[in-house]
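Just so you know, we're using the numbering used here here: the sequence shown kicks off at 1 and counts up by one. Glycine included, C-beta positions come from ideal geometry on N, C-alpha and C.
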Amino acid sequence: MAVFGLLATSLGAVGLAAPDVLLTVMGFEPVPDGARAAGDHTLVFLTASSMAAVNMGVYYVLAALADWRAFFGWTVPFRLLTCAVFTVAVVTGRAPAGFLGVGLWEAAGAAATWAALRREHRPERAPVG
Numbered sequence: 001m002a003v004f005g006l007l008a009t010s011l012g013a014v015g016l017a018a019p020d021v022l023l024t025v026m027g028f029e030p031v032p033d034g035a036r037a038a039g040d041h042t043l044v045f046l047t048a049s050s051m052a053a054v055n056m057g058v059y060y061v062l063a064a065l066a067d068w069r070a071f072f073g074w075t076v077p078f079r080l081l082t083c084a085v086f087t088v089a090v091v092t093g094r095a096p097a098g099f100l101g102v103g104l105w106e107a108a109g110a111a112a113t114w115a116a117l118r119r120e121h122r123p124e125r126a127p128v129g
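Okay, here's the thing in C-alpha cells:
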C-alpha cells in the first residue's frame, strides 16, 4: 500500500510539474507548446488527474501507516475495475497501446493486495512434533 501510494503521489507530482513527461510515460505523444487546437483541454484534465493521483497516493500512504486493512480490501475491486476500463479504452482505440500498462499495473496491485490479505487471514498451523 505504501509503495503504491508513494508511486501515485510521485507520478501525480510529475504530471503537475511536467505534464509532457507524464504523457510520454503513458504512451501519448505530447503536443508542443503553441500547437494545441483551440478548445483542447488536455492539460486541464491532466492537471485534475495528477492532483487526484497526489491525493490518492497520500490516502494510500496514510492507510498503510494506520494499518487500515478494511481500506486495503476496498481497493481490490476498484483497482480491478480500473484495469477493465483502461483495457477497454485501449481495445476500442480510445487510448494508445502503452496505456495498457497502467491497467496491468492496477491489476497487479489488486492481485498483490488480495494475496497479502488472504495470507494474513489464514489460520497458523501448529508445529508438528
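Closest Cα partner of residue i within the set the options
i     : options                       : result
Leu23 : Phe4, Ser50 and Gly5          : Ser50
Gly73 : Thr87, Arg118 and Thr42       : Arg118
Arg94 : Leu43, Phe28 and Ala116       : Phe28
Pro96 : Pro30, Ala48, Phe71 and Leu43 : Pro30
Straight-line Cα distance separating residue j from residue i
i      : j      : result
Tyr59  : Gly5   : 7 Å
Ala107 : Pro32  : 33 Å
Arg69  : Ala111 : 15 Å
Gly34  : Gly12  : 24 Å
Val109 : Leu80  : For the sequence presented, residue 109 should be read as Gly rather than Val. Looking at the two C-alpha atoms, the distance is approximately 9 Å.
Ala63  : Gly98  : 30 Å
Val85  : Gly103 : 8 Å
Asp40  : Asp67  : 42 Å
Met26  : Gly101 : 8 Å
Thr113 : Thr87  : 20 Å
Leu43  : Met56  : 19 Å
DSSP-derived helix/strand/coil call for residue i
i      : result
Phe28  : coil
Ala18  : coil
Arg118 : helix
Completely contained alpha helix (DSSP H) runs for the region 33-116, where each covers 4 or more residues: Runs found: 42-66 and 69-91.
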